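> The numbers in the numbering used here rise by one with no breaks, and the one at position 6 of the sequence shown is 8. We put the CB at the ideal spot given by N, CA and C, even for glycine. Fair warning: this is a prediction, and the values are worked out from it, not measured in the lab.
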Amino acid sequence: MEQSCQFHPLEPATYFCVECDINCCDECVDDSRFNPEPRCFRCNRTLDTLGPGNIEPFWRRLQQSFRYPLSTQSLWFILILSVLCSVAFYIPFALLIYLALFGSVFKYCLSCLSFTAEGYLTPPDITEAYEGGFRKMLVLIAMLFVTGLVVNLANTFLGSAIGGIVALLVTLSFPAIIIHYAISESMIESLNPRNIFDLIHSIGLPYGLILAFIFIMMGSVAVLYQLVIIIPSSLDAIFLFAVTFYYAIVLHHLMGYMVFQFQTELGYSARLQDGSNTRRGGHAITMAKISTLIKQAEFKDATKLFQEQISLNSDKLSLHNRFFDFLLATKNSEVMAEFLPKYFRLLENNNRRDLISRSYKRLMAKIPDFELSDPDLKFIISKASFHQNDARIAIKLLHRIHKKHPDFKDLIPALTLLAQALDEYPKYENHATACRKLIGKLDNAQ
Numbered sequence: 003m004e005q006s007c008q009f010h011p012l013e014p015a016t017y018f019c020v021e022c023d024i025n026c027c028d029e030c031v032d033d034s035r036f037n038p039e040p041r042c043f044r045c046n047r048t049l050d051t052l053g054p055g056n057i058e059p060f061w062r063r064l065q066q067s068f069r070y071p072l073s074t075q076s077l078w079f080i081l082i083l084s085v086l087c088s089v090a091f092y093i094p095f096a097l098l099i100y101l102a103l104f105g106s107v108f109k110y111c112l113s114c115l116s117f118t119a120e121g122y123l124t125p126p127d128i129t130e131a132y133e134g135g136f137r138k139m140l141v142l143i144a145m146l147f148v149t150g151l152v153v154n155l156a157n158t159f160l161g162s163a164i165g166g167i168v169a170l171l172v173t174l175s176f177p178a179i180i181i182h183y184a185i186s187e188s189m190i191e192s193l194n195p196r197n198i199f200d201l202i203h204s205i206g207l208p209y210g211l212i213l214a215f216i217f218i219m220m221g222s223v224a225v226l227y228q229l230v231i232i233i234p235s236s237l238d239a240i241f242l243f244a245v246t247f248y249y250a251i252v253l254h255h256l257m258g259y260m261v262f263q264f265q266t267e268l269g270y271s272a273r274l275q276d277g278s279n280t281r282r283g284g285h286a287i288t289m290a291k292i293s294t295l296i297k298q299a300e301f302k303d304a305t306k307l308f309q310e311q312i313s314l315n316s317d318k319l320s321l322h323n324r325f326f327d328f329l330l331a332t333k334n335s336e337v338m339a340e341f342l343p344k345y346f347r348l349l350e351n352n353n354r355r356d357l358i359s360r361s362y363k364r365l366m367a368k369i370p371d372f373e374l375s376d377p378d379l380k381f382i383i384s385k386a387s388f389h390q391n392d393a394r395i396a397i398k399l400l401h402r403i404h405k406k407h408p409d410f411k412d413l414i415p416a417l418t419l420l421a422q423a424l425d426e427y428p429k430y431e432n433h434a435t436a437c438r439k440l441i442g443k444l445d446n447a448q
């Protein structure tokens, strides 16, 4: 049964902390660049991997897999190699040329396999095909020679029946050999029967699906060969080479994805590298840690981390909004009193008067006894509320401001706003008149 993340119950768990006895998803771990392995936010212990979580089976990705080589670079690579192979057909003693060209294709296919196994679902750069292709082609020939020799020896010394069985086993094992070589780059390790058996056994029945796809692709190439009779003879070789190379890339991508899908069974860990889970920066990791602390009701530690992030990201409005919501939910009046002036000034600088007014109303609804002592903050909230057609709040905050804060630098603008707010209520006409007289006296005194 699939395990769920301790902090995101709808997400599959991808890591386990032995010390804390909790499961975590990719979001809830410390995977900063300073840590070679993901660590637990709570105890800082290296986590045990539980696999990559929900991965779409490779047999459901056939449509995406056949689109895999259709990037501009890959298509040009296939076309150019197909043309060169066709030209080489007319060059005497072109064996070395063929080995180099096919080696480039084989090297690129191996790169596609290993890249996909690491979670990259787009083709690698074609520069991956330039270096070492000739050597890898010789290794492939050597592996074919060794496996062919084994079949021949079995047929010679053990009889044709046993030889046929060995030939069948070698044929069925060859995808596993290629997979091992793409990952380990060791011919000896790739030909080790134990390694081959372990890989096939770990993957199980889906390995048979890959074999079926291989046979289907080989059969389709034969069918396409029959169709090239309608193509001018000068182009048929290019067409067949292109189809062969295209299928080879698709097949290696499928094998790589199969390895990625069954990585837990094969004993390693990788993640989809699609841009949604690239290595996070320090801020993103800290916010993830804050989220886990909140869900564990460790509000004091969460508050401290929030304050650190606010000091480092003084202009990040979304962070301030989140901290305000947190302080409101925890009714932390002490920290709120310190944070609110900075927050509302940031909202004013970002022309978010609507949010100032709404946030103040939420604050008073949640913490009714919260008091404002900063006259500048009172003025900011009053202006925002008045522009949001709520004169009542402006009247409440600016009432007797000249007595409570006689040295306030914006006292006259504040009283002017108070008079305008009083004008909204006919019953306060006398108060508005008195307020304007006070403004006149203060103006004359200056």
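With distances taken between CB atoms, is the gap from Leu319 to Ile312 smaller than 8 Å?
no
> Which residue's Cα is closest to the Cα of Leu419: Asp409, Lys429 and Ile395?
Ile395
> Going by Cα to Cα distance, which pick from Glu310, Lys297 and Leu413 is closest to Arg44?
Lys297
> Looking at C-alpha atoms only, which residue of Asp392, Arg62 and Thr51 is the closest neighbour of Cys26?
Selected option, being the one with the closest Cα: Thr51.
> Could you check how far apart the C-beta atoms of Leu468 and Leu97 are, in whole angstroms? I think they sit under 8 Å.
The question about residue 468 has no answer here: the residues shown for the chain are numbered 3 through 448.
> Taking the alpha helix (DSSP H) that Asn446 belongs to, which residues open and close that run?
Glu431 to Ala447
> Would you give the residue range spanned by the alpha helix (DSSP H) that Tyr2 belongs to?
Any answer about residue 2 is impossible in this case: the structure gives the chain only from 3 up to 448.
> Put Tyr17 into one of helix, strand or coil per three-state DSSP.
strand
> Starting from Cys111, follow the beta strand (DSSP E) in both directions and report where the run begins and ends.
No beta strand (DSSP E) contains Cys111, which is instead part of the alpha helix (DSSP H) from Leu97 to Ala119.
> Could you tell me the boundaries of the alpha helix (DSSP H) in which Asn323 lies?
Leu319 to Thr332
> Helix, strand or coil: how does DSSP classify Ser6 here?
strand
> Can you tell me whether Val225 is buried or exposed? The criterion is at least 16 other CB atoms within 10 Å of its CB, across all chains shown.
Around the Cβ of Val225, a 10 Å sphere holds fewer than 16 other Cβ atoms; the residue is exposed.
> Measure the CB-CB distance between Leu399 and Ile383 and report whether it falls below 8 Å.
yes
> With H, G and I counted as helix, E and B as strand and the rest as coil, what does DSSP make of Thr418?
helix
> Quick one: using the 10 Å Cβ neighbour count with 16 as the cut-off for buried, is Arg62 buried or exposed?
exposed
> Report the residue from Leu314, Ser204 and Gln390 whose alpha carbon sits nearest the alpha carbon of Leu268.
Ser204
> Of the residues Pro126, Val20, Phe410 and Leu201, which one's Cα is nearest the Cα of Val261?
Leu201
> I'd like to confirm the pairing. Which residues does DSSP put opposite Ile24 in its beta bridges?
Answer is Cys19, bridged to Ile24.
> Would you mind listing the alpha helix (DSSP H) stretches within the segment 279–303 that are 4+ residues and don't spill past its ends, in chain order?
284–297
> Is it buried or exposed for Pro125, if we count other Cβ within 10 angstroms and need 16 for buried?
buried
> Tyr427 lies in the alpha helix (DSSP H); which residues open and close that run?
Element bounds for Tyr427: n/a, residue is neither H nor E.
> Suppose you measure from the CA of Asn315 to the CA of Leu348; what does that come to, to the nearest Å?
12 Å
> What residues in its chain sit with their C-beta under 7 Å from that of Lys368, if we drop five residues either side in the sequence?
Leu330 and Lys333
> Applying the 10 Å Cβ sphere with the 16-neighbour rule, what's the burial state of Asp28?
Note on Asp28: 16 or more other CB atoms within 10 angstroms of its CB, so buried under the neighbour-count rule.
> With Leu268 as the anchor, note down where its alpha helix (DSSP H) starts and where it stops.
Gln265 to Leu268
> Look at the alpha carbon of Ala476 and the alpha carbon of Gly150, and state the distance between them as a whole number of angstroms.
What the structure shows of the chain is the stretch from 3 to 448, and residue 476 is not part of that stretch, so it cannot be assessed.
> By DSSP, does Asp378 sit in helix, in strand, or in coil?
In the three-state scheme derived from DSSP, where H, G and I count as helix and E and B as strand, Asp378 is classed as helix.
> Roughly how many angstroms lie between the CA atoms of Val172 and Val31, to the nearest whole one?
43 Å
> Who are the near neighbours of Thr91 in its chain, counting only those whose CB is closer than 7 Å to its CB and skipping five residues on each side?
Going by the sequence as given, residue 91 is Phe instead of Thr. Only Ala239 meet the Cβ criterion.
> Please determine, among Ser387, Glu350, Arg196 and Glu120, the residue with the shortest C-alpha to C-alpha distance to Arg364.
Ser387
> Contact defined as beta carbons within less than 8 Å: I believe Cys114 pairs with His254. What is the distance between those atoms, to the nearest angstrom?
5 Å
> Kindly indicate which three-state DSSP category Asp32 falls into: helix, strand or coil?
strand
> Per DSSP, what are the beta-bridge partners of Thr48 in this structure?
Arg41
> Within the continuous alpha helix (DSSP H) that includes Trp78, where are the two ends?
Thr74 to Ala90
> Would you mind reading off the limits of the alpha helix (DSSP H) that contains His404?
Ile403 to Lys406
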